[in-house]
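Numbering (the working numbering), first residue to last: 48 to 485.
Data first, discussion second: the structure below is written as structure tokens.
Here it is as structure tokens:
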């Protein structure tokens, strides 16, 4: 009898120990064990050349440093192996200007990586390593993440490789403006899983072990506010970089603005955006859209303002179809457009149509060659010979650069020009819409 009781006690103790062990192996633990080997640590080495300057060197150059000096710096980041052939996705800012990129794997081995392509506007880059057959984590196929569901961030914060943090998906479709470049990024995922410097390029994973985003940014003076680029956009950028060597912008040819309070829809309806201009021959024009039309939804998702519209457009590639719900006085209707590529001379067209200037190149400068009478440029006092120094914060020296910048930024609400006349430079903003009556 005593022996049977003792056996029973032992069995109960063993069962309790097994139960305790199973409770420790939470879904988070199981996912981390499976996906962490696919997240890598990146060390990017940059060579910076500077010319030493000092009062002593200026006064006595024969005793100063002999010419420019080269210094080596390095930055840390993360990446994710997304295919069995050694393809790694990371942030562009992690590898920007790198002379050498080392990839550290979870087994302690390292290898030099080759840059296959990068896109600063999306802040994404793809690398390749020679090693094959390593664990990889493909990008999630479905864009169905739910606000509030558990998220796992894995990366290399502050050089502490394979660090795991856990939080929730706080929000979707966030629009964030860079404090340094003032560039606007759309459709970010927001999470409160801790993200620190060095996490950039790492993976944001759900409890199904899917790679649903690439960790990218934090708000420095906040806690628990981090951002990731959603897998759907990452896949589009990666595909474009591999196929074309650059990311192709989607073009619909219509420009929109937020509706003022007096013209918003009834309570419970989407506020929508108002079309303020349509380019002739564009997909929007072919579909019959025109100035004054109200867009209430796109691809089944409500559009309450310009940010929603910009986010939708950022998710499209040339050739994709998009269906808009258009508001009317009595009823709404749907219109389907097929996105195209921006015209090669879009910058010139925008400056002529919205600003009222023609451009020319002279001595590696872009100058105003004509001002349209009665245009915004005319009202602002622009004149022939004025030099266009910057467009949207970027210096320009030829018209091709202006076309590229405007094609990238054509969803912005305004165009910021820096115009030089003589020794003075002036910042002049212009709305991205025609001032002609609708």
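Every residue, glycine too, gets a C-beta built ideally from N, C-alpha and C.
On a predicted model such as this, the values are computed, not experimentally measured, just so you know.
CA nearest to the CA of residue i, picked from the options
i: residue 190; options: 146, 278, 255; result: 278
i: residue 214; options: 379, 462, 195, 423; result: 195
i: residue 400; options: 326, 343, 364, 415; result: 326
i: residue 493; options: 204, 332, 263; result: Outside the shown range of the chain, which is 48 to 485, sits residue 493, and nothing can be said about it.
i: residue 538; options: 293, 474, 407, 123; result: Only positions 48 to 485 of the chain appear in this structure, which leaves residue 538 out of reach.
i: residue 164; options: 294, 276, 255; result: 294
i: residue 373; options: 361, 343, 385, 367; result: 343
i: residue 137; options: 457, 235, 260, 76; result: 260
i: residue 197; options: 254, 173, 236, 246; result: 254
i: residue 410; options: 273, 438, 362, 446; result: 446
i: residue 396; options: 451, 371, 380; result: 451
i: residue 235; options: 73, 266, 91; result: 266
i: residue 222; options: 361, 427, 441; result: 361
i: residue 282; options: 364, 477, 414, 415; result: 364
i: residue 125; options: 131, 142, 119; result: 142
i: residue 246; options: 269, 268, 273, 224; result: 273
i: residue 193; options: 237, 210, 179; result: 237
i: residue 79; options: 284, 256, 292; result: 256
i: residue 171; options: 324, 286, 472; result: 286
i: residue 292; options: 357, 422, 92, 167; result: 167
i: residue 276; options: 264, 302, 268, 269; result: 264
i: residue 139; options: 169, 90, 476, 127; result: 169
i: residue 269; options: 156, 242, 319, 288; result: 242
i: residue 357; options: 336, 319, 390; result: 319
i: residue 209; options: 421, 471, 81, 341; result: 81
i: residue 91; options: 121, 72, 472, 73; result: 121
i: residue 262; options: 290, 71, 127; result: 127
i: residue 93; options: 123, 70, 73; result: 123
Whole-angstrom C-beta distance between residue j and residue i, which should lie under 8 Å
i: residue 258; j: residue 248; result: Contact flag wrong, Cβ pair sits at about 12 Å.
i: residue 88; j: residue 151; result: 4 Å
i: residue 321; j: residue 339; result: 7 Å
i: residue 135; j: residue 175; result: 7 Å
i: residue 367; j: residue 297; result: 7 Å
i: residue 76; j: residue 202; result: About 18 Å; that fails the 8 Å criterion.
Contacts around residue i, its chain only, beta-carbon distance under 8 Å, and the 5 residues preceding and following it disregarded
i: residue 359; result: 345, 346, 348, 350, 369
i: residue 84; result: 152, 153, 154, 181, 182
i: residue 460; result: 304, 353, 478, 479
i: residue 240; result: 198, 199, 200, 212, 213, 214, 215, 251, 273
i: residue 441; result: 448, 452
i: residue 443; result: 413, 435, 436, 437, 449, 452
i: residue 379; result: 343, 372, 373
i: residue 472; result: 436, 465, 466
i: residue 422; result: 402, 403, 404, 482
Sequence-distant residues of its chain with Cβ nearer than 7 Å to residue i (five each side left out)
i: residue 177; result: 133, 158
i: residue 418; result: 403, 404, 424, 425, 429, 430, 431
i: residue 314; result: Any reading at residue 314 needs caution, since the residue's pLDDT is 49, under 50, leaving its predicted position unreliable; the model's value is listed next. Around residue 314: no qualifying Cβ.
i: residue 334; result: 382, 384
i: residue 393; result: 450, 453, 454, 457
i: residue 416; result: 405, 406, 407, 431
i: residue 131; result: 179, 180, 183
i: residue 187; result: 257, 258, 259, 278
i: residue 336; result: 301, 322, 325, 382
i: residue 485; result: Only weak support exists for where residue 485 lies, its pLDDT of 41 falling under 50; the value from the coordinates is given anyway. So the list reads 338, 339, once near-sequence residues are dropped.
Own chain, CB closer than 6 Å to residue i, minus 5 neighbours either side, in chain order
i: residue 185; result: 129
i: residue 217; result: 237, 238, 239
i: residue 439; result: 452, 456, 463
i: residue 412; result: 434
i: residue 308; result: Because residue 308 carries a pLDDT of 47, less than 50, the predicted location of this residue cannot be relied on, and no value is offered for it.
i: residue 302; result: 323, 324, 479, 480
i: residue 160; result: 148, 150, 174, 176
i: residue 341; result: 319, 321, 374
i: residue 398; result: 404
i: residue 476; result: 461, 463
i: residue 271; result: 239
i: residue 288; result: 164, 173
i: residue 220; result: 234, 358
C-beta neighbour in chain D for residue i, strict 7 Å
i: residue 331; result: The structure shown has no chain D; it contains just one protein chain.
Contact test: residue i Cβ vs the ligand MG heavy atom, cutoff 6 Å
i: residue 383; result: Here there are no bound small molecules, and the ligand MG is not part of this structure.
Q: Indicate whether the contact test is met: 3 or more Cβ pairs, each with one atom in the segment 461-469 and one in the segment 434-441, closer than 8 Å.
A: yes
Q. Whole beta strand (DSSP E) runs in the segment 421-469 with 3 or more residues, listed along the chain?
A. 434-438, 461-468
Q: Mind listing, in chain order, the continuous beta strand (DSSP E) runs of no fewer than 3 residues lying wholly within the segment 324-357?
A: 341-345
Q: For the segment 377-391 and the segment 321-341, state whether three or more C-beta atom pairs, one from each stretch, are separated by less than 8 Å.
A: yes
Q | Contained beta strand (DSSP E) runs [length at least 3] in the segment 185-223, N- to C-terminal order | A | 197-202
Q: Tell me the start and end of each unbroken alpha helix (DSSP H) in the segment 235-292 that is at least 4 residues and wholly inside, in chain order.
A: 278-291
**Q.** Completely contained alpha helix (DSSP H) runs for the segment 356-400, where each covers 4 or more residues
**A.** 393-397
Q: Counting only runs of 4+ residues fully inside the segment 131-166, write out the alpha helix (DSSP H) ranges in chain order.
A: 139-142
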